[in-house]
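Asker: Structure in structure tokens, see below.
Number of protein chains: 2
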Amino acid sequence: MRDAEQTRQKILEVSADEIHKKGFTATSLSCILARCEISKGALYHHFQNKMELGYAVFEEVYAPAFIAMWQPPVEAEDPIQGLCDFFSAMSKNMTCDELVCGCPLNNLCQEMSGVDEGFRIRILAMQQQLNLLIATNLLRVSSQLKPDLDFSQIAYFIVSTFHGSSSLSKSSLNKELFEKVVKELCRYMQQLKR
Amino acid sequence: MRDAEQTRQKILEVSADEIHKKGFTATSLSCILARCEISKGALYHHFQNKMELGYAVFEEVYAPAFIAMWQPPVEAEDPIQGLCDFFSAMSKNMTCDELVCGCPLNNLCQEMSGVDEGFRIRILAMQQQLNLLIATNLLRVSSQLKPDLDFSQIAYFIVSTFHGSSSLSKSSLNKELFEKVVKELCRYMQQLKR
DNA sequence: AGTTTAACCGACCGCAAGGTCGGTTGCAAA
DNA sequence: TTTGCAACCGACCTTGCGGTCGGTTAAACT
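So the sequences go chain by chain: A and B. FYI, the numbering for the first sequence is 1 to 194, going by our numbering. FYI, the numbering for the second sequence is 1 to 194, going by our numbering.
Spelled out as structure tokens, the structure:
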């Protein structure tokens, strides 16, 4: 019962979880191996080195999950309401443990953008993709919004605030600050309407 | 010409710079020793271990600098205009290299809050102090602002957005995204006025 | 059945990290 | 002048990391 693809997926899944919780550098291969119950040889059969594993996790786990997470609220009939509901649901449904881990994209951005070009490029592409997604959907309903708004600017603003608020939560170990910021973010977004 | 205090200060200063650029974990003592031109014995004479050095850097370098940075704009007659000018000046005056390093407080928050309790406590205290500083000064001019605003919530919102925007800049390697977010942040803040 | 090869094993390597400790130096008080 | 001690030195230690590589196993094909 040797299934190469299954092994590979298991490695990606466990690695994604470890990197999310500990960060890329602090994640040790031996820890991944232990959780997957495989040997070092198996891992290095599927991935060239730790970096390539990191890239694969980003491209095959984080990026799809990220898009799958943002797309529905943004593509709702009313994207602003969609985003408000999206953020509010996070406040309510996420446990503190989950919240404190932060967004994988933001975490990697903070940790790896300045250190490794490969990560930087991938993260930047993801940021731009998300920005485009939000901006175009705001443009779609621009008739219901105030005039003279810069949608790309607004999209970056929203994402920045969201990422900043997850960062805030890390030090407080509770949802309170996150909820406060999200609440104000919703208030801001609603103000964009006519 | 042995000056213990001067040695200590030099260590703090160099460490602060290294930690700012590389992060706490990635900062190596040997690198600090080399830049200070001292031996490992000297460092361990002044600090118990790397953690204690980190705490000292936070308390004696980062915290004072942080307050010194935010206090003037916030305590201006018009704190909202003060903050707008403050952010705009950062956009204009900071080089990309500086900007990409991010805010030391936010960096440490991201990296260390979940890993070390000592750091977490100190960072949280700093966040709260800053929040209080901003909130009380908004309260001071509340007569010029719209009614029914939650100043603490707004203060956390502003700081979150600021930190999120420095995070964004790390992947883009230029000021553009930072400027965009800051511009929108100023627009938001001005809207708080009656 | 024999052969080939992808998939996997795990002992081993080099390295750099944080940290230790016995020894040395220079200054100041007695 | 002697003595005491803070300030400093640097060789050495342990630990854990990412990475290598010769060997083994299982399954698919001839």
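C-beta atoms are modelled at their ideal positions from N, C-alpha and C, and glycine is treated no differently. Note that the coordinates shown come from a computational prediction; the quantities given were computed from them, not determined experimentally.
#1: Could you check whether the stretch 137 to 154 of chain A touches the stretch 165 to 172 of chain B, counting it as contact only if at least three pairs of C-beta atoms, one from each stretch, sit closer than 8 Å?
#2: Hey, is residue 50 of chain A's beta-carbon within less than 8 Å of any beta-carbon in chain B?
#3: Quick one: what's residue 145 of chain B bridged to in DSSP?
#4: Do we get a CB-CB distance below 8 Å when we pair residue 168 of chain A with the residues of chain B?
#5: How about the stretch 121 to 129 of chain A and the stretch 152 to 161 of chain B: do they share at least three Cβ pairs that are nearer than 8 Å?
#6: The alpha helix (DSSP H) with residue 57 of chain A in it runs from where to where?
#7: I'd like to know if residue 109 of chain A contacts chain B, where contact means its C-beta is closer than 8 Å to some C-beta of that chain.
#8: Would you tell me roughly how many angstroms separate the C-alpha atoms of residue 185 of chain B and residue 43 of chain B, rounded to the nearest one?
#9: On the three-state DSSP scale, how would you describe residue 100 of chain A?
#10: Which residues, in order along the stretch 103 to 131 of chain B, keep a beta-carbon less than 8 Å from a beta-carbon of chain A?
#11: Taking 8 Å as the threshold (beta carbon to beta carbon), is residue 74 of chain B in contact with chain A?
#12: Could you say which of A/63, A/136, A/104 lies nearest to residue 150 of chain A if we only look at CA atoms?
#13: So is residue 157 of chain A in contact with chain B if we call contact Cβ pairs under 8 Å?
#14: Run down chain A in chain order and give the residues with a C-beta less than 7 Å from the C-beta of residue 177 of chain B.
#15: Using the rule of at least 16 other Cβ atoms within 10 Å of the residue's Cβ for burial, across every protein chain shown, is residue 34 of chain A buried or exposed?
#16: Using beta-carbon positions only, say whether residue 15 of chain A and residue 102 of chain A come within less than 8 Å of one another.
#17: Taking only runs of the beta strand (DSSP E) that begin and end inside the stretch 64 to 134 of chain B, which ones reach a length of at least 3 residues, in chain order?
#18: When you compare only the Cα positions, how much space is there between residue 46 of chain B and residue 60 of chain B?
#19: What residue range is occupied by the uninterrupted alpha helix (DSSP H) comprising residue 8 of chain B?
#20: Measuring only the C-alpha atoms, how far is residue 28 of chain B from residue 2 of chain A?
#21: Taking all protein chains shown into account, do 16 or more other C-beta atoms lie within 10 angstroms of the C-beta of residue 71 of chain A, making it buried, or fewer, making it exposed?
#22: Relative to the C-alpha of residue 133 of chain A, which candidate in A/88, A/163, A/73 has its C-alpha closest?
#23: Anything in chain A within Cβ reach of residue 71 of chain B, meaning under 9 Å, just list it in chain order.
#24: Between residue 136 of chain A and chain B, is any beta-carbon pair separated by less than 8 Å?
#25: Inspect the beta-carbon positions of residue 80 of chain A and residue 190 of chain A and report whether they are closer than 8 Å.
#26: What does a CB cutoff of less than 7 Å around residue 197 of chain A pick up in its chain, not counting 5 residues either side in sequence?
#27: Check for me: the alpha helix (DSSP H) holding residue 47 of chain A runs from which residue to which?
#28: Could you check what DSSP says for residue 1 of chain A in three-state terms: helix, strand or coil?
#29: If you drop the 5 nearest sequence neighbours on each side, which residues of the same chain put their C-beta closer than 7 Å to that of residue 38 of chain A?
#30: How should residue 180 of chain B be labelled, buried or exposed, when 16 other C-beta atoms within 10 angstroms of its C-beta is the threshold for buried?
#31: Please state the DSSP three-state secondary structure of residue 175 of chain A.
#32: For the alpha helix (DSSP H) containing residue 30 of chain A, name the first residue and the last one.
Answerer: Taking the structure as given:
#1: At 8 Å Cβ cutoff, the stretches do not touch.
#2: No - not a single Cβ of chain B is within 8 Å of the one on residue 50 of chain A.
#3: Paired residue(s): B/193.
#4: Taking 8 Å as the threshold, the shortest C-beta distance from residue 168 of chain A to chain B falls below it.
#5: Judged by pairs of C-beta atoms under 8 Å, the stretch 121 to 129 of chain A does not touch the stretch 152 to 161 of chain B, as fewer than three such pairs exist.
#6: Residue range 50 to 57 is occupied by the alpha helix (DSSP H) that includes residue 57 of chain A.
#7: Put simply, the CB of residue 109 of chain A is near chain B, with a gap under 8 Å to one of its CB atoms.
#8: One C-alpha to the other measures close to 43 Å.
#9: Note: residue 100 of chain A maps to helix in three-state DSSP.
#10: Per Cβ criterion, the list reads 106, 107, 109, 110, 111, 113, 114, 115, 120, 123, 124, 127.
#11: False, the Cβ-Cβ gap to chain A never drops below 8 Å.
#12: Comparing Cα-Cα distances from residue 150 of chain A to each of A/63, A/136, A/104, the minimum goes to A/136.
#13: Closer than 8 Å to some Cβ of chain B, the Cβ of residue 157 of chain A qualifies, so yes.
#14: Near residue 177 of chain B (Cβ distances below 7 Å), the residues of chain A are 156.
#15: The residue in question, residue 34 of chain A, is exposed, as its Cβ has fewer than 16 Cβ neighbours within 10 Å.
#16: Contact annotation: residue 15 of chain A and residue 102 of chain A have beta-carbon atoms that are not nearer than 8 Å.
#17: Taking only runs of at least 3 residues, no beta strand (DSSP E) segment lies wholly in the stretch 64 to 134 of chain B.
#18: Their Cα atoms are separated by approximately 14 Å.
#19: Residues 4 to 22.
#20: C-alpha separation (whole angstroms): 42 Å.
#21: By the 10 Å Cβ count, residue 71 of chain A comes out exposed.
#22: Considering only alpha carbons, the answer is A/73.
#23: Those do not exist, as residue 71 of chain B stays about 20 Å from chain A at its closest Cβ, beyond 9 Å.
#24: Chain B contact via Cβ: absent.
#25: Going by C-beta atoms, residue 80 of chain A is nearer than 8 Å to residue 190 of chain A.
#26: Here chain A has residues from 1 to 194 only, and residue 197 of chain A is not among them.
#27: Here residue 47 of chain A belongs to no alpha helix (DSSP H), and DSSP marks it neither H nor E.
#28: Any reading at residue 1 of chain A must be qualified, since the residue scores a pLDDT of 47, below 50, and its modelled position is unreliable; no value is offered.
#29: Setting aside the 5 residues that flank it on each side, residue 38 of chain A is surrounded in the same chain by 7, each with a C-beta closer than 7 Å to its C-beta; the list follows chain order.
#30: Classification of residue 180 of chain B: buried, given that the 10 Å Cβ count is 16 or more.
#31: Here residue 175 of chain A sits in coil by DSSP.
#32: For residue 30 of chain A, the enclosing alpha helix (DSSP H) stretches over residues 29 to 36.
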